[in-house]
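Read in my numbering, the sequence shown has 132 at position 60, and its numbers run on one by one without any break.
Using N, Cα and C, we set each Cβ at its ideal position, and we do this for glycine too.
Worksheet: the structure to be examined is printed underneath.
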Amino acid sequence: AISPDGQTIVSGSYDNTIKVWDLATGNLKATLTVHSWYVNSVAISPDGQNIVSGSHDKTIRVWSSR
């Protein structure tokens, strides 16, 4: 998922994490780990304030991106 301002990419991974990347530099800004199985979907809210993730562990998580 790409943030509304176009500065950040959020990705889900098979290592059960969500990674937040700086689009301009390609640097990893943060790694979020709470799912117990792989993350198969991510989205960023239209205002850029929240990240939502869905996992094969049958949970959905909402994160503040600030």
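- In this structure, the alpha-carbon of GLN79 lies about 25 Å from that of HIS107.
- Between the C-alpha atoms of ARG138 and VAL111 there is a straight-line separation of about 21 Å.
- Considering only ALA115, TRP109, SER85, the residue with the shortest C-alpha distance to LYS130 is TRP109.
- Residue environment: VAL134 is assigned as exposed (fewer than 16 neighbouring CB atoms within 10 Å of its CB, all protein chains considered).
- DSSP places ASP94 inside the beta strand (DSSP E), whose first and last residues are 89-94.
- In this chain, the beta strand (DSSP E) harbouring TRP135 covers 132-136.
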